[in-house]
Every structure is written in structure tokens, then in C-alpha cells.
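Everything below concerns the one structure shown next.
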Amino acid sequence: MGAAPQMSPDARVAEFRKTFSRAETEVGRVIVGHEQVIRKVLTALFSGGHVLVEGVPGLGKTLMIKTSADALGISFKRIQFTPDLMPSDIIGTQVLTESNGGREFSFRPGPIFAHMILGDEINRATPKTQSAVLEAMEEHQVTVFGETYKLDVPFIVLATQNPIELEGTYPLPEAQMDRFLFKVVMTSPKPDELREIMKRTTGAHMPVTQSIFEPSVAAKQIEALKTLVREVIVAEPLERYAIAIVAACTPNGPGAVPEVSQYLRFGPSPRGLQAIILCSKVNALLDGRVSVSYDDIDDAVVPSLRHRLLRNFQAEAENVSTESILEQVMKRVKRPRT
Amino acid sequence: MTKPVELLGQAHQRLALIAAARAAVLWIIPALAALVLAGLFDRIGALTWGRHGYELADGFSSGLRIAMVIAGIVMLAAGAIRGWLAWRRIDFVSAAGRVDEAVGGHQEVLTLASLSDPQHPLTEERGALFPVLWGHVSTLLASFDPARAFGLELGEPLGRSSILAAAAIVLVALATLAMVRPVTPDQIVAGKLVELARDIGNTPAGNGPAQEIIAATERVEASKLPPEKKLQQLADLTNQLKQQQQQEKPPPPGKAPQQQSAKNRSGSSTGGSGTGKGQAKSAEGNGNGGGGKSQGAGNGSGSGTGKGSGHDQNSPQDANANQNKNQNQKANQQLAALQDQIAKAQAQIQADQAKNPGPKNQPGGKDQGSAYKPDKTGNQRLASADQSGKGGNKMTQPGNGGGQNPNGPKPGNKNATTPGGTQGDTHLGEFPAPVAYQHFYQPGEHGPTLSIHDTRYVLFRLPEAIASANGGKLMLDTSGPRATTPYVNVPLNESHPLEVDPNEQQLVPPRYRDLIR
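Given below as C-alpha cells:
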């Protein structure tokens, strides 16, 4: 796989599909259900983005993320966010060490230095700590005592957030929410899924995930696949369609739909458009195509934009969700007439 | 090997053509409907409202026809413009989008077209995966046929166009219905006059008079024109026709053939000579109130010389002469018929006036215009426009100077050999011989020019009964106006105390004028 760039384009596309499918299969050995969540997590990985996973406790958020890292053969670190967590606890700090009869400061990397980071219950940390993580997410580097340290690639942060028990939490500000490529919501399993979960977790043999990559080359292979994603072609009419969707979500802007102007305070930033396009490209590759289709864009809209829409008081009072607003947007925005 | 770009180009051309046709068709049907309706408007009118005795208001028919022609042309132009715009609106990429939908290409065809548009090839944006895309599109288009995939399918625009056309037709029909009105009798007569005038206009010599007749008819037909003006117009028209008829009469026998007619003849020629002699007999008449005698005598002689009396039966000139003769004969017939119609029109106007005397014509009213105005005796006479009675009426007085009336023998001329009889000029105790001459010539009939115009008495026969139109019963018509002035055919006594203006014209009840034959 190290010679991926020398492969033919057709072979690269086929390799991407195969790799993605194997990763989904390996994660699915442990995680029951949640196929769309797993797909979105892997999509964010190959797109170079981060994912905010929201769900009530006990749904397997942490297990799913850890299993994904195991399946890809990349390093994984878990950070449990608490109110007393400090930024240095995440990014690392200089410590005084003795060596060769002398003392010197040496950098001790924090848990942020890994390919896949699980920020569990990120809304329980203080904004100061949250911002430290979010800076690393955006810059892919950290600066400690004047020295900059590059983070490993691939680098993906999967933060979880508990929508209940909000007392004593620090909800992520909009600017920080905007840095997540997707926000996926884990829902309660269905009865047949529960039965399967019961079997897998209470039986004698626990399912084990096999890595699809050799740990030594996994990062390179993932980076090669990320390069392929960026090469997927988007036609000009489809670009206009994605732009129209984003514009329609901007309250009181040109092309805004009435529901948006009624229920939203702010719309998505350009990062929302980037997320839509990147997700669409992955969707196209997964379908064996090298060009984005309208369906690819439609599939990417909700996970890409749902956390970027800031509802107003009326929407919260009427319990209008961002998903329902996006649904109205999708109905109203017409595909460019071809 | 499929060539996607060429195939997309063919699809582009076909889709542009279809789009243009569909856009243009929307306006073509209403445009054609408007033009056909404008062309057949008169015939449709004759078959519908015309058959039931209605007509359209003045100028509405021609205005509506012009409007429909303009609307048709405008719609044709709109259809052409829409078609052209639709043609231009279909570009290469949008056509590829249609192809993509047809083959289910998940926008791969569209993406390829956006990067391979011959007008704007984006070669730098193709990337490393473009060959994969090309291969996919080639596979998709392997069995694609633009002509089969994109049918013309004009049903939907034709349906919408038909609805539009039907709406336009209904609109025109409603407008026509609103403007239709019953035809007045004088308009019927006017229409016949125009038809006859047009027939006359088809002859070589009748074009000029026909135009004048049509113009005069239109003036007469104008509803706002006062009745006496209409009568005046018709009288002028009658005189004009008489002059026309006289001009077209063949030269009298004994008169030399004209020089021009023999100009191109060959052969021996003999001079011709002729003399004409006429003598006006003494005229004597009685004039009430004026009373007078006049005597006039005159001699006239004429001679003419000419050459070229040669005659060639086989010459083309002779054939032309025969043709001209036939044409003249036909023209005479038409002129006679036209005079008949004009007389009917005059009678109709008088009848209308008698039935519907306007406020201006009321006795004692302030009449500013000319109208029939009752005099002291209750008789109607033509009053002049200024109510002075001095102007306007320039009728020749009977017995007032013979020889001035070119229309025939003068009253009191007993020796006149007019086949028309006594012309109503009778004396006391003499009962006028009812000579059955016909004043209204039938087409093709010939006879001397007679006119009851300016005559004092008219002999007519009242019908015994008038057949009912629908009931089949015979009954006397007592609904019509009755003359207040005795219209007996017995001449008045010379010493009759009745004060009657010698210029009075005894009017025949108009409704009977048509019956005098």
C-alpha cells in the first residue's frame, strides 16, 4: 500500500472502497447497529475532520471510537473531560528531569499526541481546556513554552457530548462547535440490536477487532486515501447546489427559506460548505464514482450542518430541531435545472 | 468506442431543437387561430350573425380584424423569440444533465460535460481521476441514442396552446357578441349598392363611378347623417348614374361614326354625314299660385363628317368592339339595377323619417337643419336649411319655361310622345291613362330614361291587401302612416281654393314607392 500513488486511478478508487468496507466490517464486529454513525466517523477520518458524537450514556460511544481506532491500526488516546481538567493535561507540559547529573526541562506529550483522540464528555471541561483541544484540532499542532509540536497524522478528535445532565457543564460555544466536521447522534438500539448486544457482551467469547492495516503503515495508507478523497471531481452545477443549501440556511440572507429566517439566529460558516463537499466526495468514492452527485450532497447536509445552526428562542420554545429546519431547506432548495 | 463528447453534442442539438419547438408551439396555435379568424371573419359573420339579420357596429369588424391580424403577427413573433431563447438556453452542460437523467448517471455525465464543454474546456480542473470518469461515462453512453431518448413530445405544449387559442377565440366571440346589432333596412340597401358598385367597378369604364358610388353610399349609410342629407346624396348619386348611363349610350342612328373608332380600320371608307333636328314644342302649364305660360321654341341641327367605315369581320379590332359592346350592355344593366337600389334607399329613408320623426322635425320646433317641415296646410315639403324657404330647393317649376328640363317632356306638353303617358299632368275631368311603365328597370331591360322626380302627380295603385308574413292570412295593413294630403290622382281644380305652393312636391307615401311598377 505504500505505493498507492503509483496505482492506477481505478485501482485507487477500488482500494478506497475495499478499505472503507473492511473498516466498517471490523467495527461492526463489536458495535451493533449504528451503521450510519460508523460510516460518518470513518468518513470524517478520511476527510481529515473531527466528529462530535452525541448520545445518552451507555450507547457505546466510547467503544465505537476505540473499536474504530483498533480496526484502522492507528494509535488511540482517551481523555475524560472533567471540570478540573487543565490544558496541560491534554497537550502536555514541560517537566524538570534529571539526566547525566543535570536538570533540564523536557516536553512530556499529553494524550493529544495520538492519531485518534476520544474527548469523552467534552462539555464537562472548562472553556479554557476545551479551547486547548480545539486549537489542536484546527492547527494540528500544539505550542508549549514557546515550542511548537506537530501532531501525528492522521489526527482525528472524536468528542462525545451528553445531551442530558447539563448541570455543571460548559456547552461548547458555536465557534468551537464549528470546528467539528460532523455531528452524529447515536440513538437507542432497536430490540433486535439489543439482543445482539446482549449476546456479544455477555457471552463467553467477546468479539475482537482485527486491524486492517499494519500499524507501521496505517497512517501512510490513511493519508493516501485522504489524498484520493480530495481528488474527487465536483461539477460546477453541484457546487452551486451545495452553495445554495448553505445560503438557504443563513437567516435573512439571499436565498434563505422562511423557516430559517423564523427559527435561526445564525447560519453555517464556510466550514459547513467544506464539510458538505468533503463528505460528498467520500460518498461518491464509496459508490464507486469519482464525481459527486446530488444524492451525495443531500446525504452530507444534515451531519455537516446540524451543529452549525444556532436556533433562536422561538425555535427552542417550539422545540423545533435543526434537523427539521434542514429538512425544510432540502425540500425548498431546487437542484440546478439541467 | 463511444465518444461521449460527440454524443453529448448531438444530444445538445436535439434538446435545443425540442426546446425551441416546444416554446414556439405555445404561441403558434393562437397566432394561426387569430390569423385564420381574421381571414374568415366576414364569412363567419355571414354564416352566423349575418344569417340572422345582425351586423357588427360601424368599424368594429374591420378594427377587430386588424387587431386579430396584429395579434397573430405579434404572437408569431413571440413564438419565434421564445423558440430562439429556448434554443439558446439549452447549453452543452444542461443538455448533458438531461442525458444524465436519461441514463441514470448520478451526474457523472454532467460532470464530464462541465469539464469537456467544447466552448469552455476546463482541462486544468480535470485532475487525476478524469480518465476514470471518462471511462464511466463511455460505458453509460454506449447504448445511448439521443433521437430515441428525447422525443419531440409536443402534446403538452400543444394542449396548453390550444387552451390559449380557445380562450382567445372565446374572447373574440364575446366581444363580437357584445358589438353585434340588428341591421337596419337602409343598411341592407346600402350593402346592395356597394355590391353593385363593385360589380360596376369591375368593368373598364366603371371603376371611377363605382368608387364614387361606394363613397356616397358610405356617407348615406352613416347613421348620424340627417335624412335630407341622405336624400340629397342619393339624388346626386342618381344624377351621376344617369350621366354615366347617357355617356355609355350608343350614338343615335344617322350620326356619323366617330373618327376614332375607324382610325385603325383598313379598306375603303366613305364619309358619313348626318343631320339632327329638334324642335321644342310650346309648353303650357298651370301653376298654382303662380300661374303662367311659357313658350319656347328651338331649332337644332348637327352634322358630322367622318371617315373609316370599313368593316372587317375577322379583325381583332372587331372582336374587341363586340367585347366592348357586351361590356357596355352589362354595365347598362348594372347601372339600371343600381338606380333601382338607390330609389329603394331613398324610399327607405323617407319611410324611416316618416316613422321616426326626430325632435328636430317636430312642428313648431326650433329646427336648425333642413328637414321635412309641415307648412301651414299640414303638407310636408322640403324646407331649406335656413328655414327661409328660399334656398336649397332648386326644383324646376312646372310650366315655367320649357326646354330647360333635360329629363323629358314638360308638363303641359300634350304633344309629347312620351311612352310614359301624361306624367301625371292632367286637367280637370281628364283621368290620366294609367300607362304601365316601369320606373325601376330590371337588369337587362332597356327603355327611355324616366323619372318621377319633380313631377307633380304620381299615379300609383294601392295594393288591395298585403300578405301576412307568417300567418298566411290576408289582411289590410292599417298600421302604416296615412297621408294627410289627398293623393288622389284627380288633378286639382284650377280655381281650387287650396293654397298650395306651386313648388310643392306631392310626396308619395314612401312605403308604396317600392310598389309602383
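For the protein sequence lines, the chains are A and B, in the order given. Residue numbers for the first sequence follow my numbering, so the first one is 1 and each next one is one higher. Residue numbers for the second sequence follow my numbering, so the first one is 339 and each next one is one higher. Cβ coordinates follow ideal geometry from the N, Cα and C atoms, glycine included.
Practice problem: Measure the Cβ-Cβ separation of valine 302/A and leucine 286/A and say whether it is below 7 angstroms. | Solution: Residue numbering aside, residue 302/A sits at position 302 when the first sequence is read from its first letter. Residue numbering aside, residue 286/A sits at position 286 when the first sequence is read from its first letter. Result no, Cβ atoms of valine 302/A and leucine 286/A do not sit closer than 7 angstroms.
Quiz prompt | CB contact flag (serine 500/B, leucine 364/B, <7 angstroms) | solution = As a working mapping, residue 500/B is identified with position 162 in the second sequence. As a working mapping, residue 364/B is identified with position 26 in the second sequence. Not a contact, by the Cβ cut-off of 7 angstroms.
Self-check item: Three-way DSSP call (helix, strand, coil) for methionine 86/A in this model
Solution: Here the question's residue 86/A lines up with position 86 in the first sequence. Here methionine 86/A sits in coil by DSSP.
Quiz item: Applying a beta-carbon distance threshold of less than 8 angstroms, which residues of chain A neighbour threonine 449/B?
Solution: Here the question's residue 449/B lines up with position 111 in the second sequence. Going along chain A in sequence order, the residues near threonine 449/B (Cβ under 8 angstroms) are Ile233, Val234, Ala235, Leu238, Ser291, Val292.
Exercise. Can you tell me which of the three DSSP states lysine 530/B falls into?
Key: Counted from its first residue, the second sequence places residue 530/B at position 192. Looking at lysine 530/B - three-state DSSP - the assignment turns out to be helix.
Quiz item: Taking C-alpha atoms, which residue in Phe488/B, Glu439/B, Ile367/B lies nearest to proline 495/B?
Solution: For the purposes of this step, residue 495/B is taken as the residue at position 157 of the second sequence. Among Phe488/B, Glu439/B, Ile367/B, the Cα nearest to that of proline 495/B belongs to Ile367/B.
Quiz item: Over what stretch of residues does the beta strand (DSSP E) that includes proline 456/B continue unbroken?
Solution: Looking up residue 456/B in the second sequence gives position 118. Per DSSP, proline 456/B belongs to no beta strand (DSSP E) and is neither H nor E.
Quiz item: Can a CB atom of chain A be found closer than 7 angstroms to the CB of glutamine 457/B?
Solution: Mapped onto the second sequence, residue 457/B falls at position 119. No, its Cβ sits nowhere closer than 7 angstroms to a Cβ of chain A.
Quiz item: How would you call methionine 137/A, buried or exposed, if buried means at least 16 neighbouring beta carbons within 10 angstroms?
Solution: Indexing the first sequence from 1 puts residue 137/A at position 137. Buried.
Practice problem: Return no unless some Cβ of chain B is closer than 7 angstroms to the Cβ of isoleucine 84/A. | Solution: Residue mapping note: residue 84/A aligns to position 84 of the first sequence, counting from 1. One detail in the question is off: residue 84/A reads as aspartate in this sequence, not isoleucine. With 7 angstroms as the cut-off, aspartate 84/A does not count as an interface residue toward chain B.
Quiz prompt | 6 angstroms Cβ shell around glycine 383/B - same chain, five flanking residues per side excluded | solution = Looking up residue 383/B in the second sequence gives position 45. Answer for glycine 383/B: no residue qualifies.
Exercise. Measuring only between beta-carbons, confirm whether glutamate 462/B sits less than 7 angstroms from chain A.
Key: As a working note, residue 462/B is residue 124 in the second sequence. Not closer than 7 angstroms to any Cβ of chain A, the Cβ of glutamate 462/B fails to qualify, so no.
Quiz prompt | Extent of the continuous alpha helix (DSSP H) to which glutamine 130/A belongs | solution = Sequence index remark: in the first sequence, residue 130/A carries index 130 (1-based). Per DSSP, glutamine 130/A belongs to the alpha helix (DSSP H) from 127-139.
Self-check item: aspartate 295/A: contacting residues in chain B (beta-carbon distance under 9 angstroms)
Solution: Taking the first sequence and counting its residues from 1, one reaches residue 295/A at position 295. Neighbours of aspartate 295/A on chain B, chain order: His444, Gln445.
Quiz item: Once you ignore the five residues that flank alanine 503/B on each side, which residues in its own chain have a CB closer than 7 angstroms to its CB?
Solution: Stepping through the second sequence from its first residue, residue 503/B is reached at position 165. Counting only Cβ-Cβ distances below 7 angstroms, and skipping sequence neighbours, we find Ile367, Pro368, Ala371.
Quiz item: DSSP three-state call for tyrosine 241/A: helix, strand or coil?
Solution: Sequence index remark: in the first sequence, residue 241/A carries index 241 (1-based). In the structure shown, tyrosine 241/A sits in a helix (DSSP, three-state: H, G or I).
Quiz prompt | Helix, strand or coil at serine 321/A according to DSSP, with G and I counted as helix | solution = Locating residue 321/A in the first sequence gives position 321, where the first residue counts as 1. In the structure shown, serine 321/A sits in coil (DSSP, three-state: anything other than H, G, I, E or B).
Exercise. Confirm, please, whether the CB-CB distance from alanine 376/B to methionine 406/B is below 7 angstroms.
Key: Residue 406/B sits at position 68 when you count from the first residue of the second sequence. Residue 376/B sits at position 38 when you count from the first residue of the second sequence. Against a cut-off of 7 angstroms, the Cβ pair of alanine 376/B and methionine 406/B comes out as a contact.
Exercise. List the residues of chain B that valine 13/A touches, going by C-beta distances under 7 angstroms, in chain order.
Key: Translated into positions along the first sequence, residue 13/A becomes position 13. Near valine 13/A (Cβ distances below 7 angstroms), the residues of chain B are Val470.
Exercise. Go ahead and label threonine 67/A buried or exposed: buried means 16 or more other beta carbons lie within 10 angstroms of its beta carbon, across all protein chains shown.
Key: Within the first sequence, numbered from 1, the residue matching residue 67/A stands at position 67. Buried is the call here.
Quiz item: Just how far apart, CA to CA, sit proline 163/A and alanine 125/A?
Solution: Counted from its first residue, the first sequence places residue 163/A at position 163. Counted from its first residue, the first sequence places residue 125/A at position 125. If I take the Cα positions, the gap works out to 15 angstroms.
Exercise. With DSSP collapsed to three states, give me the class of lysine 732/B.
Key: Locating residue 732/B in the second sequence gives position 394, where the first residue counts as 1. Residue placement at lysine 732/B cannot be trusted, given a pLDDT of 40 that sits under 50; the coordinates are not used to answer.
Quiz prompt | Check whether alanine 248/A and valine 329/A have beta carbons under 7 angstroms apart | solution = As a first step, residue 248/A is located in the first sequence; it is residue number 248 there, counting from the start. As a first step, residue 329/A is located in the first sequence; it is residue number 329 there, counting from the start. Their beta carbons are under 7 angstroms apart, which means alanine 248/A touches valine 329/A by this criterion.
Quiz prompt | Counterpart residues of isoleucine 233/A in DSSP-defined beta bridges | solution = To locate residue 233/A, count along the first sequence from 1; it is residue 233. In DSSP, isoleucine 233/A forms a bridge with Ser291/A.
Practice problem: State whether the region 438-451 of chain B contacts the region 307-324 of chain A, with contact taken as three or more CB pairs (one from each stretch) at a distance under 8 angstroms. | Solution: no
Practice problem: Count the other C-beta atoms from every protein chain shown that fall within 10 angstroms of the C-beta of proline 146/A, then say buried if there are 16 or more, exposed otherwise. | Solution: Residue numbering aside, residue 146/A sits at position 146 when the first sequence is read from its first letter. Correcting the residue type first, residue 146/A is glycine in the shown sequence and not proline. Exposed is the call here.
Quiz item: How is the alpha helix (DSSP H) around aspartate 429/B delimited, first residue to last?
Solution: As a first step, residue 429/B must be located in the second sequence, where it is residue number 91. It is not in any alpha helix (DSSP H) - aspartate 429/B carries neither H nor E in the DSSP assignment.
Quiz item: Taking 7 angstroms as the CB-CB cut-off, is serine 452/B touching chain A?
Solution: Numbered from 1 along the second sequence, position 114 holds the residue referred to as residue 452/B. Cβ-Cβ to chain A under 7 angstroms: yes for serine 452/B.
Quiz item: Would you say alanine 466/B reaches chain A, if we count a Cβ-Cβ gap shorter than 7 angstroms as a contact?
Solution: Within the second sequence, residue 466/B is the residue found at index 128, counting from 1. Alanine 466/B counts as touching chain A.
Quiz item: Under a CB-based cut-off of 7 angstroms, is proline 215/A close to chain B?
Solution: The sequence position of residue 215/A within the first sequence is 215, counting from 1. So no, proline 215/A is outside the interface.
Quiz item: What do you get for proline 342/B, buried or exposed, if any count of 16 or more other CB atoms within 10 angstroms of its CB means buried?
Solution: For the purposes of this step, residue 342/B is taken as residue 4 along the second sequence, with counting starting at 1. Per the 10 Å Cβ criterion, buried.
Exercise. Answer yes or no: does any C-beta atom of chain C fall closer than 7 angstroms to that of aspartate 10/A?
Key: Absent from the structure: chain C. Protein chains present are A and B.
Quiz item: With contact counted as at least three CB pairs below 8 angstroms, one residue from each stretch, are the region 394-404 of chain B and the region 511-519 of chain B in contact?
Solution: yes
Quiz item: Measuring CB to CB, does valine 246/A end up less than 7 angstroms from glycine 272/A?
Solution: The residue you call residue 246/A lines up with position 246 of the first sequence. The residue you call residue 272/A lines up with position 272 of the first sequence. Result yes, Cβ atoms of valine 246/A and glycine 272/A sit closer than 7 angstroms.
Practice problem: Starting from the beta carbon of histidine 350/B, find every residue of chain A whose beta carbon is closer than 9 angstroms, and list them in chain order. | Solution: Numbered from its first residue, the second sequence carries residue 350/B at position 12. Going along chain A, no residue has its Cβ under 9 angstroms from histidine 350/B, so there is no contact; the nearest lies around 12 angstroms.
Self-check item: With 16 other Cβ atoms within 10 Å as the buried cut-off, status of serine 604/B
Solution: Here residue 604/B refers to the residue found at position 266 when the second sequence is read from its first residue. Residue confidence is low: serine 604/B scores 39 on pLDDT, short of 50, so the model does not pin down where it sits. Its coordinate-derived value is still stated next. Serine 604/B should be labelled exposed.
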